[in-house]
Structure formats: structure tokens, C-alpha cells
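By the count of our numbering, the sequence shown reaches residue 263 at its end, each step adding exactly one. In this text, a Cβ means the ideal position worked out from N, Cα and C, and glycines have one as well. Note that the structure is a prediction, hence the values are computed from the model and not measured. I have placed the structure first, in the form of C-alpha cells, so that the comments after it can refer back to it.
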Amino acid sequence: MDTELSEKIDKVAGLIAKSQRLVIFTGAGVSTESGIPDFRGPGGLWTRFDPDDFTIDRFLSNLECRRKQWYIFREGILGHKASPNAAHIAIAELYRMGRLDCVITQNIDGLHQRAGLPDEIVFELHGNMRWAVCLDCGRRYPFEEVKRRLDAGEEIPACSPCRGVIKPDVVMFGEQLPYDVLEEAGRRSRRADVFIVIGSTLVVYPAAYMPMYAVQSGARLVIINLGETPMDKLATVLISGKAGETMSAIVQKVKEKLDSR
Ligand code: APR
Ligand code: ZN
Numbered sequence: 003m004d005t006e007l008s009e010k011i012d013k014v015a016g017l018i019a020k021s022q023r024l025v026i027f028t029g030a031g032v033s034t035e036s037g038i039p040d041f042r043g044p045g046g047l048w049t050r051f052d053p054d055d056f057t058i059d060r061f062l063s064n065l066e067c068r069r070k071q072w073y074i075f076r077e078g079i080l081g082h083k084a085s086p087n088a089a090h091i092a093i094a095e096l097y098r099m100g101r102l103d104c105v106i107t108q109n110i111d112g113l114h115q116r117a118g119l120p121d122e123i124v125f126e127l128h129g130n131m132r133w134a135v136c137l138d139c140g141r142r143y144p145f146e147e148v149k150r151r152l153d154a155g156e157e158i159p160a161c162s163p164c165r166g167v168i169k170p171d172v173v174m175f176g177e178q179l180p181y182d183v184l185e186e187a188g189r190r191s192r193r194a195d196v197f198i199v200i201g202s203t204l205v206v207y208p209a210a211y212m213p214m215y216a217v218q219s220g221a222r223l224v225i226i227n228l229g230e231t232p233m234d235k236l237a238t239v240l241i242s243g244k245a246g247e248t249m250s251a252i253v254q255k256v257k258e259k260l261d262s263r
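Listed below in C-alpha cells is the structure:
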């Protein structure tokens with residue numbers, strides 16, 4: 003590891019070791035090492051599909067867009083037998099060490115919880131894929147059931163009893179974010195003393211307000227991302243590195259610091 007990187011790793015580990023309220027904010031870049039494509043990185047979903055096709059209006063009004071959205075859900079999230087990667091595992095380790103206040107994530111893949119974080123400290127700003135709901139009669143479907151139907155070739159799953167439109171519990175472009183989740187995520191961001199962004203371009207709002215709230219309240223901002231973000235200049239430490247190996251090295255260093263106390 004080059005000297006500059008090891009100094010940065012050491013500095014972030016020092017911030018974490020001394021922090022009282024560490025908040026970690028993740029984007030799609032934390033899940034690419036689990037095989038789930040991101041959106042704006044090289045080969046990301048928005049380099050292959052038009053995001054304008056992925057609004058709630060198009061999902062409701064245009065059958066071809068709805069088919070494409072289900073394809074993306076299937077490919078982007080469900081198609082891969084995704085499991086937590088080293089970054090998710092390192093973050094869960096910080097929780098087990100009593101070092102983590104919460105994770106605020108833009109991701110809908112549920113990998114933070116599968117790595118061991120309890121639901122109550124994971125704030126999913128854009129919803130998740132665990133359930134789908136019929137927009138006509140309100141019937142709820144566990145995603146395993148919807149996935150079985152997708153796997154059986156049903157390109158646009160419809161509600162069994164009423165043939166209504168089924169929609170996953172994710173926030174599509176043009177939809178409001180879940181109010182209570184957004185409120186609590188904002189509150190946690192404002193009271194954080196260290197705020198670490200991992201794998202996000204920080205271009206989608208209101209999610210991207212979170213790191214700004216943290217900095218405005220005096221938190222030290224760390225950004226770990228392959229590629230630039232508009233908030234790089236606000237960061238105390240900026241690491242252009244892969245999430246998995248970077249977070250593993252940081253957590254290892256935190257352990258050394260805590261053991262040597
Ligand atoms: N390690 C570190 N960074 C990575 C890795 C990795 N292994 N893989 C990808 N990245 C970086 C990419 O280079 C990119 O800069 O992570 C960033 C991911 O950015 P986006 O694809 O824009 O994802 P995100 O910021 O989460 O997008 C926010 O946009 O389309 C909407 O709702 C969608 O939640 C999503 C939101
Ligand atoms: Zn129905």
C-alpha cells in the first residue's frame with residue numbers, strides 16, 4: 003500500500019476510534035463487488051438504459067417501460083445471487099465493535115442487513131426490494147414470490163386476484179422518499195461527528211443532502227469512492243479506492259488503535 007494511502011487509512015481509523023456518532027452513507031458503489039451494477043460508474047445501468055424510462059409515471063403509463071423496469075430489477079438486483087462483500091462486512095464489524103451509529107443507504111439490495119446490521123440502524127432512503135404491492139387492491143407480495151414469477155418468464159407480474167399493477171417497495175424517480183426514514187436520516191446526519199460516504203456520486207437529492215447536513219453541523223467528512231463527487235472539497239479525507247479493500251484496511255487499523263489503548 004503506498005504511503006499516502008496508508009496515511010489516509012490511518013487518519014480515517016483515528017477519526018472512527020475517537021468518534022461518538024459515526025454515520026456511514028452508502029451508494030451503489032458499495033455493492034458492485036457483490037456483482038450488482040451501479041448507475042453512473044463505468045458500465046453502470048444509466049450508461050445502458052435511459053433513466054427517463056424509470057420514472058413512476060412511465061412505470062404506470064407505459065407497458066414497455068414497466069417491462070424494462072422489471073428487467074432491471076431482475077438483472078440489477080435479483081438476477082445476481084448477490085451476497086454481502088468485504089465492505090458490507092467491514093461496516094457490520096464496526097457495528098459489532100460498538101463504533102457505528104447507523105447506515106444511511108441509497109441502495110435497495112438489503113446487503114447491509116444481510117451482513118449483520120439490524121434493520122433499526124439501516125435507513126433505506128430509496129426503499130427496498132423485500133416487498134411489492136398491488137397499486138389497485140393493496141395486496142402485498144414478498145419479493146421471493148414475485149421473483150419466482152419473473153423466473154418463470156412473467157415479464158410484467160400483475161396482481162393475481164385483481165390483475166392490478168404490482169410495484170416493488172422502491173422509490174422511483176418522481177416519487178416521494180419515505181418521510182419518516184428521510185426525517186430520521188437527516189436527524190442522524192446532523193448529529194454525526196464523523197460521516198463516511200462510500201460508493202456514491204452524490205448527485206441525487208434529497209439523499210445527497212445528508213453529507214451536507216453533517217458537514218454543516220461540524221462533522222468530519224470522509225469520502226471513499228472510485229471517481230469524483232461534487233462534495234470532494236468538503237472532505238477531511240478523500241480516498242479514491244475500492245470499497246471492499248479500503249474499508250477492510252480501515253477496520254483493521256481501528257482494531258489496532260483500540261487494542262493499543
Ligand atoms: N468501490 C468504490 N467506489 C465504487 C465501486 C467500488 N467497488 N464501484 C463503483 N464505485 C463508484 C462509482 O465509480 C460511482 O462513482 O461508486 C459510485 C456509484 O455512483 P452511482 O452509480 O451514481 O450510484 P449512487 O450514487 O448510489 O446513485 C444514487 O441514483 O439512480 C439513482 O436511485 C438510484 O440510489 C440511486 C441514486
Ligand atoms: Zn390487486
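Distance CB(residue i)-CB(residue j) smaller than 9 Å
| i | j | result |
| --- | --- | --- |
| R69 | K149 | no |
| D195 | A221 | yes |
| I225 | P213 | yes |
| G118 | N130 | no |
| I200 | G29 | yes |
| D59 | G176 | yes |
| I106 | R190 | yes |
| D138 | V167 | yes |
| A24 | D103 | This sequence places Leu at residue 24; Ala is not what is there. It is a contact, given that the beta carbons lie within the stated cut-off. |
| L179 | L127 | yes |
| V32 | K255 | no |
| L228 | G46 | no |
| S250 | A88 | yes |
| F145 | W133 | yes |
| I11 | I252 | yes |
| W72 | L152 | yes |
| Y211 | G188 | yes |
| R192 | S219 | yes |
Status (buried if at least 16 other CB within 10 Å, exposed otherwise) for residue i
| i | result |
| --- | --- |
| G100 | exposed |
| E9 | exposed |
| P4 | Sequence check: residue 4 is Asp here, not Pro. That one is exposed. |
| K20 | exposed |
| L17 | buried |
| V205 | exposed |
| K235 | exposed |
First through last residue of the beta strand (DSSP E) which encompasses residue i
| i | result |
| --- | --- |
| E134 | The question names Glu, but residue 134 is Ala in the sequence shown. Element bounds for A134: G129 to C136. |
| K235 | Element bounds for K235: n/a, residue is neither H nor E. |
| I26 | L24 to T28 |
| I158 | Run containing I158: none; DSSP gives neither H nor E here. |
| V172 | I168 to V172 |
| F175 | Neither: F175 is in no beta strand (DSSP E) and is coded neither H nor E. |
Residue interval of the alpha helix (DSSP H) (run including residue i)
| i | result |
| --- | --- |
| R256 | First, the amino acid is wrong: residue 256 is Val here, not Arg. Counting along the chain, the alpha helix (DSSP H) containing V256 begins and ends at A245 to D261. |
| I74 | L65 to I74 |
| Y211 | Y211 to Q218 |
| Y207 | Note, Y207: premise wrong, no alpha helix (DSSP H); not H, not E. |
| I18 | T5 to K20 |
Residue i Cβ short of 8 Å to the ligand MN heavy atom set
| i | result |
| --- | --- |
| G46 | Of the ligands one can find in the structure shown, namely the ligand APR and the ligand ZN, none is the ligand MN. |
Fill in: Residues passing the C-beta test against the ligand ZN heavy atoms, cut-off 5 Å
C136, D138, C139, R141, C161, C164 and G166
Discussion item. I need the residues with a C-beta less than 6 Å from some heavy atom of the ligand APR; please give them in chain order.
Written reply: G29, A30, G31, T34, E35, D40, F41, R42, G43, G46, Q108, H128, G201, S202, T203, V206, N227, L228, G229, K244 and A245
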